[in-house]
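The next block holds one structure in the form of structure tokens; read it before the comments.
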């Protein structure tokens, strides 16, 4: 939607609660008195509003494309070498289900009120302003770290062809950084279309890799049907730190962190709500499809890679004691072990595009998160100013500046830096999920207290309140135990891992406590929670969008169809 349309919709919200009490809607009365163009967390003025340029197909592809990156393609190598195929299959399945519960919780809130501030705004509005402050800043910290992390991974992947002693990794980091900055600068329509096709390519590659892994496991590549041979020898579960069943359990639990890192980014649809067309329909649809995509892309590919590569293979780049080869991905290792020529080079090139796409979407999320913080009043107002393309330019430049951390790769071992970055981003990601779940619990309690029944909601989390409670407990356990192995062995070698592994927790708590001390804010009580301010603006945007869509359909010549579109919606859209 254009800026002018946004501005024309600005008005004081007069919606009331189901009981008809208009006086309860006081959350942003002060904001509205001060300005007729800014509702906290929901931007409407021409100078600060985003463009709704993301179509339904953009949203659904960005949702899965952002998660198919280094975690699935590269990070699984370390997990497989450390714990075995059975462990990673179980851990990826468990964390995948947790992710679905987090996404469903986010979807319920986003479908009711798609806010420019994203889940930062939901936490402030439905739970506690201090939680929203801490969530927003830790989420931004996560993405200004994960962006250089992806650039570092790109340099590692390129070393498959050109070792670091031949070409300085800084060259590749510079090329990719300039490219993603340009893509983000040209506006949401360009970004959405670019990311759609890049994500579509990623999906095609993953489907191809799954088929290839199945062929290799069945012996179609080298005439040697492997089946579940490697699950028997060397085994499905590798002992880690200790021996016997206890060691195997420790190995399994260590992969929960790798699995968590692989799924980080699936919640990014909560960031796109401010730029999505008809978000009340597109966001829930993307979330419903998440479950099927998790099963297909993650669980099946993890199962098959465990059938193709033994966990004790010396080819794995992150294998314990391995000085490092160019095989950063276990999928490339599987191809080499099956003696398939050239294909490993092709797949490595595809992996490079995966990483590039992930870095591109990560910079987008970082810039929109800082914009959302500013919109929610938790960051300087300059960061919510947008240019003619609807791009929050100051937020983009500030976030991109932190991507320069990737140059650490030039003077340090890439794998060590990669491991430290993974550690730091994982705890920030877990804290984000914890915050979303806590917010959803408050949201459900509040809507029940105010008489908002399930049939009044555009989308409901399938397992409701108890699903969020269960996921919350699991996220907290993983967060507290994710680096248990640092307490065993030589402390002098492991203290950097301990620091990066748990640093996020005191930062998160300090942000909550500091904000409360400074602003004297209090948690939102269920019966005082504001469900309506700004909702009328979203309602009108939705009506305008649907009216324009209906008019375009009516203007189409009768009989012109869309057989291809029907086929896509019916059979392909769950995948693409």
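In this note's numbering, the protein residues as written are 67 to 642.
A virtual CB, placed ideally from N, CA and C, is assigned to each residue, including glycine.
Computed from a prediction, not measured in an experiment: that's the story for all the values here.
- Between residue 570 and residue 328, the C-beta spacing is not below 8 Å.
- Residue 522 sits exposed, since fewer than 16 C-beta atoms from the chains shown fall within 10 Å of its C-beta.
- Partner residues in the beta bridge of residue 342, as assigned by DSSP, are 120.
- A direct Cα-Cα distance of roughly 24 Å separates residue 224 from residue 378.
- Listed in chain order, the non-local C-beta contacts of residue 168 below 7 Å within the same chain comprise 333, 499, 502, 503, 537, local neighbours out to five positions each way being set aside.
- The straight-line gap separating the alpha-carbon atoms of residue 579 and residue 292 is approximately 55 Å.
- Per DSSP, the continuous alpha helix (DSSP H) segment holding residue 322 begins and ends at 310 to 329.
- Counting along the chain, the unbroken alpha helix (DSSP H) around residue 602 starts and ends at 601 to 621.
- When C-beta atoms of the segment 243 to 258 are compared with those of the segment 449 to 462, three or more pairs fall below 8 Å, so the two segments count as touching.
- A check of alpha carbon separations from residue 525 across 354, 220, 219, 123 identifies 354 as the nearest.
- Separation of residue 283 and residue 593 (C-alpha to C-alpha, rounded to the nearest whole angstrom) is 57 Å.
- For the pair residue 506 and residue 171, the CB atoms are nearer than the 8 Å cut-off.
- For residue 532, the enclosing alpha helix (DSSP H) has its first and last residue at 530 to 547.
- For residue 259, the uninterrupted alpha helix (DSSP H) segment begins and ends at 254 to 283.
- Distance from the CA of residue 199 to the CA of residue 430, rounded to the nearest whole angstrom, comes to 20 Å.
- When 173, 144, 363, 191 are compared, the shortest CA-CA separation from residue 587 is found for 191.
- Following the DSSP letters along the chain, one finds residue 223 inside the alpha helix (DSSP H) bounded by residues 195 to 224.
- As for any alpha helix (DSSP H) of minimum length 4 sitting wholly inside the segment 560 to 594, the runs are 570 to 585, ordered along the chain.
- Collapsing the DSSP output to three states places residue 449 in a helix.
- When the five nearest sequence neighbours on each side are left out, the beta carbons in the same chain lying within less than 7 Å of the beta carbon of residue 336 are those of 172, 176, 184, 185, in order along the chain.
- When C-beta atoms of the segment 560 to 575 are compared with those of the segment 533 to 550, three or more pairs fall below 8 Å, so the two segments count as touching.
- Going by beta carbons, residue 321 and residue 153 fall inside the 8 Å limit.
- In this structure, the alpha-carbon of residue 432 lies about 16 Å from that of residue 244.
- When C-alpha distances from residue 597 are compared across 181, 146, 450, 380, the shortest belongs to 181.
- Straight through space, the alpha carbons of residue 416 and residue 242 are spaced by roughly 15 Å.
- When the beta-carbon positions are compared, residue 150 and residue 279 stay at least 8 Å from each other.
- Residue range 409 to 441 is occupied by the alpha helix (DSSP H) that includes residue 439.
- If the five residues before and after residue 476 are omitted, its C-beta is found closer than 8 Å to the C-beta atoms of 234, 235, 236, 239, all from its own chain and listed in chain order.
- Using a C-beta cut-off of 8 Å, the segment 119 to 126 makes contact with the segment 345 to 361, since at least three inter-stretch Cβ pairs fall below that distance.
- The shortest CA-to-CA distance from residue 120 to any of 163, 230, 259 is the one to 259.
- If you draw a straight line from the Cα of residue 326 to the Cα of residue 618, it comes to about 43 Å.
- Non-local C-beta neighbours of residue 264 in its own chain, meaning closer than 6 Å and more than five positions away in sequence, comprise 423, ordered along the chain.
- Between residue 425 and residue 213 the beta-carbon gap is near 6 Å, inside 8 Å, which marks them as a contact.
- Within the segment 343 to 384, not a single complete beta strand (DSSP E) segment reaches 3 residues in length.
- Between residue 163 and residue 368, the C-beta gap is not smaller than 8 Å, which leaves the two residues out of contact.
- Looking at the backbone, the Cα of residue 600 and that of residue 496 are separated by about 30 Å.
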